[in-house]
Structure formats: C-alpha cells, structure tokens
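A.B. asks: Pasting a structure below so you can have a look.
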Amino acid sequence: MKKFAALLSLLLAFTVVLAACGSSSKNEANNGDNKSSQEDLYNKVKKDGVLTIGTEGTYPPFTFHDDKQKLTGFDVELAQEVAKRLGVKAEFKETQWDAMFAGLNSKRFDMIANEVGIREDRKKKYDFSDPYIKSGAVLIVRKDEKNITSFDDLKGKKSAQSLTSNYKDLAQSYGATLVNAKGFAQAVDLITSKRTDATINDKLSFLDYKKKHPNATVKIADEKNDGSASGFTFRKGNDKLVEEVNKALKDMKKDGTYAKISKKWFGEDVSPK
C-alpha cells in the first residue's frame with residue numbers, strides 16, 4: 073500500500089512538471105506568435121514592395137487632386153517619402169472620412185494618412201506614428217490693427233466665425249460678438265472689409281491661405297500653444313511597421329526633407345516642436 077502511495081505521488085509530481093513545461097512552451101509560442109504578428113505586416117509590405125495608404129483626396133492642402141487630377145498634398149507627399157525610405161512604393165486608396173477607419177480595420181490599407189488627430193479615445197483602438205504636424209487656434213486681424221494683440225482684446229469686438237466650429241465657443245469665451253462666416257475665406261473677407269475685427273481659426277488654414285494669397289492684408293495677432301497633433305494611423309499590433317515609419321520621419325526631419333515639403337505647402341516648417 074505504501075509502495076502504491078509513493079508511486080502515485082511520483083506520478084502526480086511528474087504530471088505537474090509536464091504541465092508546467094507545457095505551459096511554459098505555450099507561453100513562449102504565444103510570445104513568438106505576438107512578435108511574429110507584429111512583424112508580419114512590415115514583412116508583407118517589404119515583400120510586396122507596396123505600402124497601401126488610406127486617404128480622402130478631398131481635403132486640401134493635405135490630400136486632394138490638383139488641376140491635372142493628380143492626387144497630391146502635404147500628407148500625400150509626406151507618406152510617399154516615408155514609403156520611399158522604407159524601400160517600397162506608396163499606393164493610395166481614396167476613401168470617404170466616414171469609412172476611413174473601417175477600411176483600416178478590414179485591412180483594405182496598411183496605414184491612414186489624412187490628418188488624423190492623436191486622441192486618447194483613438195489610441196485605445198489604433199497605433200499612431202510620432203506626430204508629423206501640429207496646429208492650434210490663432211487670432212487673425214487686419215495687418216494695420218493695433219488694438220487687438222491678444223485673445224483677451226476680443227472683448228466687445230466682432231469676430232467672424234463659423235457657427236458650427238469649436239472656435240466659435242472660444243471667441244465667445246473671450247467676450248466677442250459673433251458674425252457668421254461660411255468658411256475661412258469669407259472670414260478673411262469680413263475682416264479686410266472692416267465688417268468684423270477678427271476671427272479665431274486654425275493656424276494651418278491661415279498658412280495655406282497666405283500661401284495662396286500672399287498679398288492678403290491679415291496677420292496673426294496671438295496663438296494658442298495647446299494645438300492638436302496628427303499622426304499616421306495603424307491597426308494595433310504592427311509595432312515593427314510603426315517603428316520603421318517613425319525612423320523615416322525622424323530621418324526626414326534631420327536631413328531637411330520634412331522642412332522642404334512643409335515649406336512647399338505652408339511657407340514654413342510646421343513640425344511639432
């Protein structure tokens with residue numbers, strides 16, 4: 073009986089050891105699978121020689137069609153340069169904004185290049201590259217305006233704002249009287265014609281407008297430093313691809329390529345500081 077008990081104890085101990093080994097092997101296999109899945113997309117991109125990119129194609133100056141119907145824009149050129157540095161070709165798939173994330177989820181493309189703001193709620197579902205652009209609110213006035221030099225000076229002044237824009241709320245918070253403007257260009261017209269005193273708008277929109285209308289008699293009187301940043305967007309679990317894209321962005325900034333593309337579209341370097 074004692075011999076049987078001893079034999080049973082030995083068998084139980086052996087079973088525990090086997091289970092532990094099996095569990096360890098399984099964990100290692102899972103870790104290997106996770107690592108493999110992270111590198112699979114990057115390897116596939118390299119093997120196929122193509123990085124597929126989702127973009128709208130209707131959002132100038134970031135992604136749109138020029139007079140010859142060629143897809144172009146700041147985000148487009150930046151993504152093309154990234155693909156080039158990965159040693160592959162950029163292939164764009166144009167998609168409406170409402171379907172952009174669904175297209176990424178369904179693996180219709182590998183990456184989104186469309187001014188996607190890096191937000192906490194999105195970071196729970198997607199991975200982002202390092203920020204490649206940042207913009208915030210600016211206070212725009214006539215060039216000869218001397219009485220409005222800061223947001224605080226808006227109190228009692230007229231501010232041209234789209235009534236569906238978040239900037240409308242900001243203007244109101246500083247005590248401005250709102251004048252409805254349908255878009256940035258109309259807001260500038262209202263200022264230069266002296267029907268309003270100012271507008272709060274997006275800095276990138278201002279830079280784009282000034283690039284196209286260098287003689288426009290408006291200027292930035294003040295700006296916020298807490299602007300939102302945008303990054304290239306990826307499905308979760310593709311760390312290797314994100315890492316290589318970040319390396320390409322870093323190298324572009326270091327060798328001046330980023331600044332060159334930025335100045336072409338905005339007249340200045342708009343990289344996040």
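The sequence shown finishes on residue 345 if you use the working numbering, and the numbering steps up by one all the way, no holes.
Backbone N, C-alpha and C define an ideal beta-carbon position, used for all residues, glycine too.
So what does DSSP say about G60, is it helix, strand or coil?
C.D. replies: Because the chain is modelled from 73 through 345, residue 60 falls outside the range shown and cannot be assessed.
A.B. asks: Note down, in chain order, each residue of its chain lying with its Cβ closer than 7 angstroms to the Cβ of V314, except the 5 sequence neighbours on either side.
C.D. replies: Locating residue 314 in the sequence shown gives position 242, where the first residue counts as 1. Apart from the 5 residues on each side of it in sequence, V314 sits with its Cβ closer than 7 angstroms to the Cβ of D199, S201 and F306 in its chain, given in chain order.
A.B. asks: With a threshold of 16 other CB atoms inside 10 Å of the CB of E133, please say whether the residue is buried or exposed.
C.D. replies: The sequence position of residue 133 within the sequence shown is 61, counting from 1. For the sequence presented, residue 133 should be read as Pro rather than Glu. That one is buried.
A.B. asks: DSSP three-state label for F134, please.
C.D. replies: If you number the sequence shown from 1, residue 134 lands on position 62. The answer is coil: DSSP assigns F134 none of H, G, I, E or B.
A.B. asks: Which runs of the beta strand (DSSP E) spanning at least 3 residues fall entirely within the segment 191-237, listed in chain order?
C.D. replies: Under the rule that a run must span 3 or more residues, the beta strand (DSSP E) segments found entirely inside the segment 191-237 read 198-200, 205-207, 209-214 and 230-233.
A.B. asks: The beta strand (DSSP E) that contains V122, what's its start and end?
C.D. replies: Here the question's residue 122 lines up with position 50 in the sequence shown. First-last of the beta strand (DSSP E) with V122: V122 to T127.
A.B. asks: Pick helix, strand or coil for F304, following the three-state DSSP scheme.
C.D. replies: Your numbering for residue 304 matches position 232 in the sequence shown. In the structure shown, F304 sits in coil (DSSP, three-state: anything other than H, G, I, E or B).
A.B. asks: With DSSP collapsed to three states, give me the class of F346.
C.D. replies: Coverage of the chain is limited to positions 73 through 345, which leaves residue 346 absent and any answer about it impossible.
A.B. asks: Please determine, among K322, A253 and T124, the residue with the shortest C-alpha to C-alpha distance to T268.
C.D. replies: Taking the first residue of the sequence shown as 1, we reach residue 268 at position 196. The candidate whose alpha carbon is nearest that of T268 is A253.
A.B. asks: Between K140 and G121, what straight-line distance do the alpha-carbon atoms span, to the nearest angstrom?
C.D. replies: Here the question's residue 140 lines up with position 68 in the sequence shown. Here the question's residue 121 lines up with position 49 in the sequence shown. Taking the straight line joining both Cα atoms gives about 27 angstroms.
A.B. asks: Can you list, in chain order, the residues of its chain with a C-beta nearer than 7 angstroms to that of G145? Leave out the 5 residues immediately preceding and following it.
C.D. replies: Here residue 145 refers to the residue found at position 73 when the sequence shown is read from its first residue. Closer than 7 angstroms at Cβ, skipping near neighbours: P132, P133, F134, T135 and F136.
A.B. asks: Identify whether E163 lies in helix, strand or coil by the three-state DSSP scheme.
C.D. replies: Residue numbering aside, residue 163 sits at position 91 when the sequence shown is read from its first letter. E163 falls in the strand class under three-state DSSP.
A.B. asks: On the DSSP letters alone, give me the boundaries of the beta strand (DSSP E) that V290 sits inside.
C.D. replies: Within the sequence shown, residue 290 is the residue found at index 218, counting from 1. Here the beta strand (DSSP E) through V290 covers V290 to E295.
A.B. asks: Roughly how many whole angstroms lie between the Cα atoms of K319 and G328?
C.D. replies: In the sequence shown, residue 319 corresponds to position 247, counting from 1. In the sequence shown, residue 328 corresponds to position 256, counting from 1. Rounded to the nearest angstrom, the two C-alpha atoms are 14 angstroms apart.
A.B. asks: Since V260 and A288 should fall inside the 8 angstroms C-beta cutoff, what is the C-beta to C-beta distance between them, to a whole number of angstroms?
C.D. replies: As a position in the sequence shown, residue 260 is number 188, starting the count at 1. As a position in the sequence shown, residue 288 is number 216, starting the count at 1. Confirmed, Cβ separation roughly 6 angstroms.
A.B. asks: Below 8 angstroms CB to CB, which residues in the same chain sit around T264 once its five sequence neighbours on both sides are set aside?
C.D. replies: Against the sequence shown, residue 264 aligns to sequence position 192. Same-chain partners within the cutoff: R214, A288, T289 and V290.
A.B. asks: Select from D341, N310, K332 and H285 the residue whose C-alpha is nearest the C-alpha of N177.
C.D. replies: Stepping through the sequence shown from its first residue, residue 177 is reached at position 105. Nearest of D341, N310, K332 and H285 to N177, Cα basis: N310.
A.B. asks: Mind checking who N252 pairs with in its DSSP beta bridge?
C.D. replies: Walking along the sequence shown from the start, residue 252 turns up at place 180. DSSP lists Q233 as partners of N252.
A.B. asks: In the DSSP assignment, what are the bridge partners of T144?
C.D. replies: Within the sequence shown, residue 144 is the residue found at index 72, counting from 1. BP columns for T144 point to F136.
A.B. asks: Quick one: grab the DSSP three-state call for N273.
C.D. replies: On the sequence shown, position 201 is the one that residue 273 refers to. Note: N273 maps to strand in three-state DSSP.
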